[in-house]
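Okay, so here's the structure we're looking at.
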Amino acid sequence: AQSVSQHNHHVILSEAASLELGCNYSYGGTVNLFWYVQYPGQHLQLLLKYFSGDPLVKGIKGFEAEFIKSKFSFNLRKPSVQWSDTAEYFCAVNARTGGFKTIFGAGTRLFVKA
Amino acid sequence: GAGVSQSPSNKVTEKGKDVELRCDPISGHTALYWYRQSLGQGLEFLIYFQGNSAPDKSGLPSDRFSAERTGGSVSTLTIQRTQQEDSAVYLCASSFLAGGKVDTQYFGPGTRLTVL
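Dropping the structure here:
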């Protein structure tokens, strides 16, 4: 069965610090990959997605993620975080042979100190 | 346009009672998903509907859980004989799927279910 691991459950950073949130998945075939974000009091929304092509994808608000197939990873990065990045971040994976089912990780709560 | 809406926003029920949770997807979206979000557990996939295809029910945790989607639009998630461990936020998402490819899911605000 597919699974998605997010290594950090809670991360606390100061503004301007760099961010990297880990995501690993356990499926050997072709995958579609997503990062979603939930800001306090708001709905979950898409941050970025990868289907194919350039493994470095850019999303909204200066976020990017790199797909490393050999490591089954899709880590999220941002060079300099802002207080407004405080949110919960979810990695999600769809196995292309698995229909439209999407598996989410447990989430990482990021708190950015002003 | 309108986003995904869910009702009720909060539901408190007694153990053993049945509950129905409703989801109105974005108009024109072909796929509809249900997830359960518990503290520290992330989003747990429950079921998805895509067009006229048979739903993928592989995530439903027990036969007390069922869902239907009428007319390819509104969906209802029903939990029978609720248990305290069913307490969670139930999220609905919809997506427009074309070319057989998963794409962005648009989430509703969720229904917070509390079973006493």
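Residue numbers (my numbering), protein chains in the order written: chain W, 1 to 114; chain C, 1001 to 1116. Glycine residues also receive a C-beta, built at the ideal position from the N, C-alpha and C atoms. If you're wondering where the values come from, they're calculated on a predicted model, not measured in any experiment.
Check	Outcome
For chain C, find out if any of its Cβ atoms is closer than 8 Å to the Cβ of Lys101 (chain W); answer yes or no.	yes
Could you name the residues of the same chain whose beta carbon sits closer than 6 Å to that of Gly1010 (chain C), not counting the 5 residues immediately before and after it, in chain order?	Sequence check: residue 1010 (chain C) is Asn here, not Gly. Arg1112, listed in sequence order.
I'd like to know if Pro1109 (chain C) contacts chain W, where contact means its C-beta is closer than 8 Å to some C-beta of that chain.	yes
Just checking: is the beta-carbon of Leu44 (chain W) within a distance shorter than 8 Å of some beta-carbon in chain C?	yes
For the beta strand (DSSP E) holding Asn75 (chain W), just list the boundary residues, first then last.	73 to 78
Taking the alpha carbon of His9 (chain W) as the reference point, which residue from W:Val112, W:Gly107, W:Lys113 has its own alpha carbon closest?	W:Gly107
Express the C-alpha separation of Arg77 (chain W) and Lys49 (chain W) in angstroms, rounding to a whole number.	13 Å
Determine the chain C residues that contact Lys69 (chain W) at a beta-carbon separation under 9 Å, and present them in chain order.	Within 9 Å Cβ-Cβ: nothing; Lys69 (chain W) doesn't reach chain C, min ~18 Å.
Using a threshold of 8 Å, state whether the C-beta atoms of Leu46 (chain W) and Tyr36 (chain W) are closer than that.	yes
Got a sec, what are the start and stop residues for the beta strand (DSSP E) Gly1042 (chain C) sits in?	1042 to 1050
Ser1062 (chain C): buried (16+ other C-beta within 10 angstroms of its C-beta) or exposed?	exposed
Compare the Cα-Cα distances from Gly1003 (chain C) to each of C:Val1115, C:Thr1114, C:Phe1096 and report the closest residue.	C:Phe1096
Under the assumption that Gln2 (chain W) contacts Ser26 (chain W) (Cβ atoms under 8 Å), give the Cβ distance between them as a whole number of angstroms.	6 Å
Could you tell me how far apart the beta carbons of Leu1060 (chain C) and Phe90 (chain W) are, in whole angstroms, since I believe they sit closer than 8 Å?	Wrong, their Cβ atoms sit about 21 Å apart, outside the cutoff.
Per DSSP, which residues does Ala87 (chain W) bridge with? Please list them.	W:Leu110
Do we get a CB-CB distance below 8 Å when we pair Phe1065 (chain C) with the residues of chain W?	no
Using 10 angstroms around the beta-carbon of Val57 (chain W), count the other beta-carbons present and answer buried if the total reaches 16, otherwise exposed.	buried
Decide if the segment 1022 to 1031 of chain C is in contact with the segment 1066 to 1083 of chain C; the criterion is three or more beta carbon pairs, one per stretch, under 8 Å apart.	yes
Please check if any C-beta of chain W sits within less than 8 Å of the C-beta of Val1102 (chain C).	yes
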